[in-house]
Amino acid sequence: MTDSIVRTLDSVGNASYFVVALLAVMALFAVVTQKNMIKICISIAILGSSVNLFLVLLGYRHGGEIPIYFLKGAAETMVLPTPQCLTLTAIVIALATTALMLSLIILLHKHYGTLDIDEIRRLRG
Amino acid sequence: MNLSDHLPAFLVMIPLLGAFLTPLAASFGKTVRSVFFVLFMSLILLTGISICASTFGGNILVYVMGAENFSLTLPSGMSYPVRILFEIDAAGALMILCVAIAAFAGALFSVAYMDRFSGWKRFMALYFLLSAGALGMCATGDLFNFFVFVEVSSIASFGLVAFWRDKPEAIEAGFKYMLVSQIAAMLLLIAIGTLYGKYNAVNMGALSSMMRYGTLERIVLAILISVLAFKCGAFPIHTWMPDAYAETPSGVTCLLVTVSQASFYGLIRVCFSLFPGIAGGGMVAWILIVLGCMSMFFGVLMAVVQHEIKRLMGYHSISQVGYMLLAMGVGLLALGNGEKMAEYGLTAMKGGLFHVMNYSFYKALLFLCAGALYYATGTRDLDKMGGLARNMPWTAGMFVIAASAISGLPPFNGFMSKWMIYESSFAVHPILPAVAMITSVLTLASFAKVFQAAFLGPAKADFVAVREVPAFMLAGMAVLTVMTLLLTLFPGWFTGNLFEKAAEALLNQRGYIDAVLGGM
């Protein structure tokens with residue numbers, strides 16, 4: 000199982016970074032063009048995921064094992080543990096902000112009866 | 000164990016502890032929760048002052064979390080630091096002092112101001128978290144840790160901007176602020192990740208010692224500068240700032256002002272300590288100068304036409320941030336050239352840091368005055384107010400001090416810092432001080448209008464029964480007034496002991512690195 004993952008990752012090379020860049024650009028584009036607040040929230044979540052993916056990829060080493068000594072024992076190469084810690088922190092932060100953003104959207108919908116950003120601006124006058 | 004060794008840890012620990020104890024303290028009634036709130040805030044203030052005092056002689060405080068020994072920066076023979084590390088030099092200590100004083104004043108003010116509203120538990124917990132985030136941003140020596148503190152302060156401030164959930168404007172301002180800062184934060188993380196990918200380190204000292212200036216570093220610097228300029232409210236992406244400042248409860252706006260200063264600190268730290276080779280001398284410096292001039296000018300132009308007191312002050316914040324960007328841009332322009340640095344660079348940096356401190360105090364005071372007016376009259380519309388100087392003499396007096404300081408009237412502190420900025424930017428190009436002076440004149444015009452509209456003129460029938468605000472609110476405002484007056488009366492002492500030391504600390508990249516890597 001692990002071997003096949005290693006082989007796949009090796010065969011794609013830097014392509015995974017292009018996926019990250021593509022996701023990030025898509026998300027930024029959507030934030031600017033979308034009018035629906037839920038879709039904006041989704042784009043920000045995608046941006047967050049692309050950043051997390053980027054961090055995990057940075058720590059990947061060819062054929063590396065999990066960096067936990069007592070589970071895996073001594074290994075030739077390990078993937079870097081720091082980016083994984085960074086990613087865990089970033090995921091928790093992203094969870095908090097997404098939840099808060101959705102709750103703000105619920106309140107805005109309650110006040111204005113719409114999810115369209117332009118409509119809200121117009122109603123406010 | 001020496002307690003004073005652990006000051007940097009206390010700086011973040013006290014507000015976090017406060018935030019978690021809040022639900023308990025708030026359930027014992029009004030007196031207990033007010034005492035608890037003010038007590039914890041004064042502890043933070045005390046810690047801030049002690050930290051500032053211990054960096055006085057040019058010391059750099061380094062504190063490592065979770066190591067066998069708090070001063071062990073390189074555990075078990077590693078060649079670069081791996082643990083969470085706080086590094087506070089004179090520049091960081093200056094920012095910590097600003098944040099701690101503004102947080103203390105805002106807390107005193109809020110004790111009375113928030114009394115009318117429900118939701119004390121939420122308010123206090125978020126207030127503590129916001130202070131923890133802002134203090135952490137100024138104390139940390141680690142880029143990822145900086146990101147975490149940015150997020151802690153951002154999430155707390157989203158909650159506080161949208162604190163009055165029944166007001167649609169507040170929710171909208173919160174949403175807008177959140178959108179901008181989330182995108183900024185994610186880009187910040189991409190930049191940090193890229194640096195990590197190349198250098199395998201997130202510690203600023205270690206990164207700075209390994210830095211090779213290439214294309215990748217230029218891209219990272221561009222992302223970092225644009226992100227941090229967003230967060231401190233510079234010109235192109237400034238629209239969230241007046242909205243957020245206007246809708247937040249006033250005690251918090253006073254702290255938000257210093258939180259934006261913490262982002263500004265991040266910006267100068269990145270430019271001076273991390274990328275001095277790219278940022279100094281050329282294009283980056285000019286970008287900051289142009290951004291500064293544009294923020295200054297457009298901010299004040301928008302402010303002049305406002306009729307709502309807190310929105311007006313929000314636009315003034317943009318123009319004040321412009322002054323600091325201009326000053327730091329001029330400082331960066333002289334970086335790496337000893338002659339230019341002695342001629343105008345150091346003056347610009349001293350002036351910029353002086354302005355940071357001035358701005359934190361007088362702007363916070365202005366927001367508290369606006370809050371006092373809102374508390375007493377129930378409106379923020381300047382057209383509806385009038386003749387309030389008779390009813391609220393203390394507020395009026397403190398407003399005059401703050402407004403004269405922000406407009407740069409001599410002999411107030413605002414004049415001195417602006418003078419240093421004019422003087423040094425003139426050496427670069429005469430048009431820069433011209434823009435700054437026009438901005439200053441417009442600021443004066445705008446605050447003269449506010450004073451006239453709110454405090455002078457015939458008494459309005461609606462406001463005959465208006466009384467001076469409660470003592471706690473006045474106490475909060477008095478703290479900031481006293482600080483403004485101290486800066487006015489003893490500018491020489493403050494410049495020599497704080498701003499000059501802070502400017503030197505920013506320029507001393509070697510010292511910043513050696514404090515972590517132990518002079519290797």
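The listed protein sequences derive, respectively, from chains A and B. Here the first sequence is numbered in numbering that gives the first Met the number 0, starting from 0 and rising by one per residue. Here the second sequence is numbered in numbering that gives the first Met the number 0, starting from 0 and rising by one per residue. Glycine is no exception: its CB is placed at the ideal position from the N, C-alpha and C atoms.
- Not a single C-beta of chain A is nearer than 8 Å to the C-beta of B/Tyr126.
- Looking only at B/Trp163, B/Leu128 and B/Phe162, the smallest Cα-Cα distance to B/Val149 is reached by B/Leu128.
- A/His61 is outside the set of residues whose beta carbon lies under 8 Å from a beta carbon in chain B.
- No residue range can be given for A/Tyr59, since it is assigned to no beta strand (DSSP E) and is classified by DSSP as neither H nor E.
- Annotation: B/Pro248 has no Cβ neighbours in chain A at a cutoff of 9 Å; minimum Cβ distance is about 17 Å.
- Annotation: the continuous beta strand (DSSP E) that includes B/Leu60 extends over Leu60 to Val63.
- In its chain, beyond the 5 residues on either side, Leu364, Cys368, Met476 and Thr480 have a beta carbon closer than 7 Å to the beta carbon of B/Met397.
- Going by DSSP, B/Glu86 is part of the beta strand (DSSP E) stretching over Leu84 to Ile87.
- Comparing alpha-carbon positions, the option among B/His315, B/Ala501, B/Met282 and B/Lys448 lying closest to B/Val329 turns out to be B/Met282.
- In this structure, B/Ala161 is the residue among B/Met436, B/Ala161, B/Asn390 and B/Met136 with its C-alpha nearest to the C-alpha of B/Glu246.
- The three-state reading of DSSP puts A/Thr113 in coil, since its state is none of H, G, I, E or B.
- At a cut-off of 8 Å between beta-carbon atoms, B/Pro167 makes contact with chain A.
- Contact of B/Leu188 with chain A by beta-carbon distance below 7 Å involves Val50 and Ala89.
- The criterion of a C-beta distance shorter than 8 Å is satisfied by B/Leu372 and B/Leu387.
- Note on the stretch 253-280 of chain B: whole alpha helix (DSSP H) runs with a minimum of 4 residues are 275-278, in chain order.
- Looking at the DSSP output, B/Met323 shares a beta bridge with no other residue.
- Using a 10 angstroms sphere on the CB of B/Met436, the tally of other CB atoms stays under 16, which defines it as exposed.
- Look at the stretch 100-170 of chain B and you find these whole runs of alpha helix (DSSP H), each 4 residues long or longer: 119-138 and 142-160.
- Closer than 8 Å to the CB of B/Val147 there is at least one CB belonging to chain A.
- In the three-state reduction of the DSSP assignment, B/Asp513 falls in the helix class.
- With a cutoff of 8 Å on beta-carbon distance, B/Leu287 and B/Leu255 are scored as not near each other.
- Judged by DSSP secondary structure, B/Gly351 falls within the alpha helix (DSSP H) whose first and last residues are Leu345 to Thr376.
- A/Ala29 has a beta carbon lying at 8 Å or more from every beta carbon in chain B.
- By the criterion of a C-beta distance shorter than 8 Å, A/Ala89 is surrounded in its chain by Gly47, Val50, Asn51 and Leu54, once the five residues flanking it on both sides are discounted.
- Here B/Gly517 is exposed: its Cβ has fewer than 16 other Cβ atoms, across all protein chains shown, within 10 Å.
- In chain B, no part has a C-beta under 8 Å from the C-beta of A/Ile41; the shortest such distance is about 12 Å.
- For A/Leu107, the C-beta contacts it makes with chain B under 9 Å involve Pro167, Ile170, Glu171 and Phe174, in order along the chain.
- In this chain, the alpha helix (DSSP H) harbouring B/Ser403 covers Pro392 to Ile405.
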